Every structure is written in structure tokens, then in C-alpha cells.
Amino acid sequence: MKGLVFKYKELIDWSEVPAPKIIDNEYIIVKIEVFTFSHSDYRPYLGMDDTVAKNTIMGHEGVGIVSTIGRKVTFLKVRDRVVISCIIHCNQCKFCQQGLYANCLNAGFILGTKINGTYAEYVRVPYGESSVYKLPSEISTEQGLMLSDVLLTAYENVILKVDFNKINNVALISDGPIALAILLFLNSYYKKVTVFGHHRIKLEVFKANGAEQIINSKNNEFGDEQYDLVVECVGNDRDTFTLAQQLVGFNSIIISIRLFKKPVIFNLNELWYKNITIKTGILNNGATLEVIDEILAKKLDPNVLVSQVYNKDEVMEAFNQFENKDYFKKVVNLWL
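Under the working numbering, the first residue of the sequence shown carries the number -14, and numbering increases by one thereafter.
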């Protein structure tokens, strides 16, 4: 089979690799139909993450068909169509028992980092029964793929953490896919949403999908409005956490859901009297079934997140499009 293999900084290869085999009775193997790229998948390639071993198959998002199951797997059957959670969990350790699947003592965020990932024709998934979800026939393959990561990042880190009865206006700092996913959920709450970003084409997509105001942050003119909820979705030491502190109002909330490589400045001397709350955290993918219900009820359309679909002969082209900042999610369909 073929897989997208991380060799070392700035070198990856879509090449022949050994097909996975069942090595544990709780594991399954999924024949991948589609996968998509995330910024965390680019980090080893860019030299920003040295924890990924050479010759690891990349990727942590995918939808496919169950092809093989371990002997202890009873809920899943061969030929089930499933979405693979980006968080693998054993469902048995002390953290899993609390629903903190990202902190699973036996797994966690391991696909494409600690073990071979989803950018391949087949992937071995540990703890299959708790780490994949069956997809209803009403949900398309591309819609289901957004359940691997981006929709759950938005839903669990924002929607489940906020009482929207107390929120009138929201600032989203980012014009990327996570911010767009947050906006799709926020549309059900009828709040005023302002988006801060610097990619004109993507900002227009936000405007077309419910944002009341878009502000090009390149102009360094952010206005005087203070927000009940500020969501920082950029990270990467671009002063976005500083901007979040400037925008947050009294008795309000900052949520930061992206990675920072270095410490950031927290102006507590200016903010303590504002009585603000700060929330952070990684997703756990525990609310996947809830989000499936949201899609079935047509409360949001995940297809908005998909900018381009590539076929099996265009994997390298698709990966290299990470430099194209006008795209949201880029999908590879290995069955095309």
C-alpha cells in the first residue's frame, strides 16, 4: 500500500509501505477513503516538532471502511463506514473514566506522531471500539471527515464551555478552519460575531456564512468594541493572545485553543479588575455523537469547511498546498 511518510525536516514521500496487521485483539484496520490535513501534521515537516520519528506515516484525520477487526471487537463489523477520532483512547484508564480522552494513559494524540497515521491506504487503529464512530448514511464522506478533529475542536472547546445566555457578542481571532467551524455552530445562537483575520478570500467566506463583521488585522485597526467572548484560534507567537486581552470586556471570557511555541504575555495588571475567565484545552472527541446529531438536524453544513478535494494521484500536490492560505480544509479522496 501507499502512505505519506515523514522522512525528516522538509522531506516527505508518498511511497510504498508495509500494510498494517492486527497486533492486538482490541485493534482494527480501516481502509481509508478520505483524509485531510491539519497544521499539526505540518509541524514535523517544518521542523517545529522533533518528537515524530523518521519513517512515520503522517496524519490523524480520516474516514474509511473497517477491513479487519480484532477478536475482542464486537460492536464494529467489517464494512462499517467510520470516522476515525484524532484522539485514540482505551476507555479504561483513570482519565478515560473521567472523559478526558486526550490524557489517556495508553494512547491520546498518537496517530501520525507516536504511531503510523491516516495518510495511507490503510491504518491500524488501537482500541477500535472507542476510537472510531459509525457514520449514518445521511452524512457524506467529506462531512464525516470534519468530525475527526475540526468540528469537535470547535464544539468541545467553545460551545460546551460557554453559557450563551450571557453572551451578546463574540470575537473570533483567526480566519482559519477552526474559527469557521466555531462560526457554523454559533449561527444557532444568533450572536453578533466579528472575525479578525488577514486573508481576504477567507474573510469573505466568513461573511457569507453568518459573520456580522470582518476586520482585516493587517491594518492594525481593531476598533473600540469590547466582547463578551473572545476566541483565540491562531497561536504560533503572532501576538494574538495579546489581541485577545485587548478585545475582552468586563466579566467576559477568553478561550485560547491553539499552540504557542514560546511563553506569552498575560497582562494581569491590566485585566484583574475586569473579572475575566480564561479557558484552554485540547479536544477529547467525547461529543462526537452530539455533533453527528447537529449535522443530521441540518443545524450546520460541514461542507463549508472543504475548500478542495484531490484524488489519489495528487497527494503531494495537496500536501504542498499548505502554503496556500486561501484554503480551509484540503481533502484527499483515495477512491477517486
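Heads up, the beta-carbon is just placed ideally off N, CA and C, and yes, glycines get one too. This one's a predicted model, so the numbers in the text were calculated from it and none came from an experiment.
*Can you tell me whether I8 is buried or exposed, with buried defined as 16 or more other CB within 10 angstroms of its CB?*
On the sequence shown, position 23 is the one that residue 8 refers to. It is exposed - the Cβ of I8 has fewer than 16 other Cβ atoms within 10 Å.
*Counting pairs of Cβ atoms below 8 Å between the segment -11 to 9 and the segment 28 to 47, do you hit three or more?*
yes
*Measuring CA to CA, which of I72, N205, L188 is closest to Q198?*
Here residue 198 is taken as the residue at index 213 of the sequence shown, counted from 1. Checked all of I72, N205, L188; the closest Cα to Q198 is L188.
*Roughly how many angstroms separate the alpha carbons of A164 and V68, rounded to a whole number?*
For this step, residue 164 is matched to residue 179 along the sequence shown. For this step, residue 68 is matched to residue 83 along the sequence shown. Distance between the alpha carbons of A164 and V68 is about 22 Å.
_At least three beta-carbon pairs within less than 8 Å, the segment 218 to 226 to the segment 152 to 167_ = yes
*asked:* Would E106 and A4 be called neighbours here (beta carbons separated by less than 9 Å)?
replied: For the purposes of this step, residue 106 is taken as residue 121 along the sequence shown, with counting starting at 1. For the purposes of this step, residue 4 is taken as residue 19 along the sequence shown, with counting starting at 1. Yes, Cβ-Cβ distance for E106 and A4 is below 9 Å.
*Take K16 and list the residues in its own chain whose beta-carbon comes closer than 6 Å to its own, dropping the five residues that flank it on each side.*
The residue labelled residue 16 in the question sits at position 31 within the sequence shown. Closer than 6 Å at the Cβ level, and outside the excluded window around K16, lie G49, I50, S52, Y107.
*Comparing alpha-carbon positions, which option in V117, S133, N40 lies nearest F22?*
For the purposes of this step, residue 22 is taken as the residue at position 37 of the sequence shown. For the residues V117, S133, N40, the minimum Cα distance to F22 belongs to S133.
*Report yes or no: do the segment 113 to 125 and the segment 259 to 267 share at least 3 C-beta pairs separated by less than 8 Å?*
no
*V215 and I242 closer than 9 Å at C-beta*: Walking along the sequence shown from the start, residue 215 turns up at place 230. Walking along the sequence shown from the start, residue 242 turns up at place 257. No, the Cβ-Cβ distance between V215 and I242 is not below 9 Å.
*Below 8 Å on the Cβ atoms is my guess for E1 versus W320; work out the distance and round it to an integer in Å.*
The count along the sequence shown starts at 1 and reaches residue 1 at position 16. The count along the sequence shown starts at 1 and reaches residue 320 at position 335. No, E1 and W320 are not in contact; Cβ-Cβ is about 19 Å, not under 8 Å.
*asked:* What does the alpha-carbon distance come out to for the pair I152 and V178?
replied: Residue mapping note: residue 152 aligns to position 167 of the sequence shown, counting from 1. Residue mapping note: residue 178 aligns to position 193 of the sequence shown, counting from 1. When rounded, the distance between both Cα atoms is 11 Å.
_Element boundaries [alpha helix (DSSP H), containing R28]_ = Locating residue 28 in the sequence shown gives position 43, counting from the first residue. Per DSSP, R28 belongs to the alpha helix (DSSP H) from 24 to 30.
*Three-state secondary structure assigned by DSSP to N153*: By one-based count along the sequence shown, residue 153 stands at place 168. The answer is coil: DSSP assigns N153 none of H, G, I, E or B.
*Closest by C-alpha distance to S324, when choosing among V190, F80, N142, L85*: No information on residue 324 is available, as it lies outside the stretch -14 to 321 that the chain covers here.
_Is it buried or exposed, Q82, if we count other Cβ atoms within 10 angstroms and call 16 or more buried?_
Position 97 of the sequence shown holds residue 82. So Q82 counts as exposed.
*CA nearest to the CA of R64, picked from G93, I13, L253*: Sequence index remark: in the sequence shown, residue 64 carries index 79 (1-based). That would be I13, whose Cα lies nearest to the Cα of R64.
*Go ahead and pull the three-state DSSP assignment for I144.*
Reading the sequence shown from its first residue, position 159 is the one you call residue 144. In the three-state DSSP reduction, I144 falls in the helix class (H, G or I).
*Report yes or no: do the segment 140 to 147 and the segment 264 to 284 share at least 3 C-beta pairs separated by less than 8 Å?*
yes
_Please report the distance separating the alpha-carbon of V37 from that of G97._
For the purposes of this step, residue 37 is taken as residue 52 along the sequence shown, with counting starting at 1. For the purposes of this step, residue 97 is taken as residue 112 along the sequence shown, with counting starting at 1. Near 8 Å, if we compare the C-alpha coordinates of G97 and V37.
*Roughly how many angstroms lie between the CA atoms of K203 and E210, to the nearest whole one?*
On the sequence shown, residue 203 is found 218 positions in, with the first residue counted as 1. On the sequence shown, residue 210 is found 225 positions in, with the first residue counted as 1. Cα to Cα, the separation comes out at about 18 Å.
*Around the C-beta of L281, are 16 or more other C-beta atoms found within 10 angstroms, so that it is buried, or is it exposed?*
Taking the sequence shown and counting its residues from 1, the one referred to as residue 281 is at position 296. Label assigned to L281: exposed.
_So K79 and E11 are supposed to be a Cβ contact under 8 Å. How far apart are they, rounded?_
Position 94 of the sequence shown, counted from the start, is the residue given in the question as residue 79. Position 26 of the sequence shown, counted from the start, is the residue given in the question as residue 11. The Cβ separation is near 18 Å, so there is no contact.
*Where P121 falls, given that 16 or more other Cβ within 10 Å makes a residue buried*: Within the sequence shown, numbered from 1, the residue matching residue 121 stands at position 136. Exposed: under 16 other Cβ atoms inside 10 Å.
*Boundaries (first-last residue) of the alpha helix (DSSP H) holding G97*: For this step, residue 97 is matched to residue 112 along the sequence shown. Unbroken run through G97: none, as it is neither H nor E.
*Got a sec? Which residues, its chain only, sit under 7 Å from L137 by beta carbon, not counting five neighbours each side?*
Counting from 1 along the sequence shown, the entry for residue 137 is found at position 152. These residues qualify, in order along the chain: L268, N270, A272, T273, V276.
*Across which residues does DSSP place V216 in a beta bridge pair?*
Sequence index remark: in the sequence shown, residue 216 carries index 231 (1-based). The partner list for V216 (beta bridge, DSSP) reads L157, I240.
*In angstroms with no decimal places, state the Cα-to-Cα distance between Q231 and L253.*
In the sequence shown, the residue the question calls residue 231 occupies position 246. In the sequence shown, the residue the question calls residue 253 occupies position 268. Their backbone Cα atoms lie some 12 Å apart in a straight line.
*Proximal residues to I238 (C-beta, below 6 Å), its chain only, five neighbours per side dropped*: The sequence position of residue 238 within the sequence shown is 253, counting from 1. Answer for I238: L214, T262, listed in chain order.
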